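Colleague:
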Amino acid sequence: SDGYKSTGCYDLKCPEFVMDKSAQLYPGQVLTNVSVHGNPKKQSELFIIIYTIYDNCYVFVNDKQVGRLVGNLVPDLLKKTNTVQYGGEVWYLRNGTSHSTTDMGSRDFQDEGRSNAAHIRDITIFTVSSKKLQSQIEYDINYPECYSKNSDVVSVIPQATHFVYFGGPGGDNPNCK
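Here the sequence shown stands for residues 1 to 177, numbered as in UniProt numbering.
#1: Can you tell me the Cα-Cα spacing of D20 and Y26, whole angstroms?
#2: Out of curiosity, what's the CA-to-CA distance linking G67 and L46?
#3: Confirm, please, whether the CB-CB distance from M104 to G38 is below 8 Å.
#4: Taking the C-alpha atoms as reference points, what is the distance between V18 and D55?
#5: Under a Cβ-count criterion, where at least 16 other Cβ atoms within 10 Å of its own Cβ denotes burial, should G28 be classed as buried or exposed?
#6: How far does the beta strand (DSSP E) with residue 196 in it extend, from its first residue to its last?
#7: Could you say which of S22, D63, Y147, Q65 lies nearest to H119 if we only look at CA atoms?
#8: Can you give the Cα-Cα distance for D108 and D140, rounded to whole angstroms?
#9: Restricting to runs no shorter than 3 residues, where is the beta strand (DSSP E) found entirely within the region 24-69?
#10: Within the continuous beta strand (DSSP E) that includes G90, where are the two ends?
#11: Would you report the Cα separation of Q24 and V34, rounded to the nearest angstrom?
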């Protein structure tokens, strides 16, 4: 909420994030096994499991435990959570020049679809008793001319699967100022 100055943390600067000793991934790591435009797509599965009896949130990627967030980092998450946020973020220090040239996702806008645009799919939220919750997706984008995201709900019998597309080339395009 304040650019990580007095609240929150990220990367390995979170003392409350305890890495698993055998973890091959860590927060803030640059991933190298990623999709490349025109080549076969790569994907990863992310699970966050909240065990309130242990006051910890466990993080898994591709069925391997990465680590856990201890309860005092995210106390409201352990009590009641009603929002889950997904997408991309680019940090940009305004200095009077054009917007950041940093691209987000695959550099492609959402209208490129699943074959090119970065996307998150199969977003599912379960209660502690393993009941699937209905999700309502809301979008927030600060610079649509630089980065875009959109939703395409694809019907899959008997349930719906949500695809959230996001990304863009950033300031490396003439419409981004």
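Cβ atoms here follow ideal geometry from the backbone N, Cα and C, with glycine treated the same way.
None of the values given here were measured: they were computed from a predicted structure.
Modeller: Walking through what the data contain:
#1: 9 Å
#2: 12 Å
#3: no
#4: 13 Å
#5: exposed
#6: Lying outside 1 to 177, the shown extent of the chain, residue 196 is not represented and no answer is given.
#7: Y147
#8: 18 Å
#9: 46-51, 56-61
#10: The question names Gly, but residue 90 is Val in the sequence shown. Careful: V90 lies outside any beta strand (DSSP E) and carries neither H nor E.
#11: 15 Å
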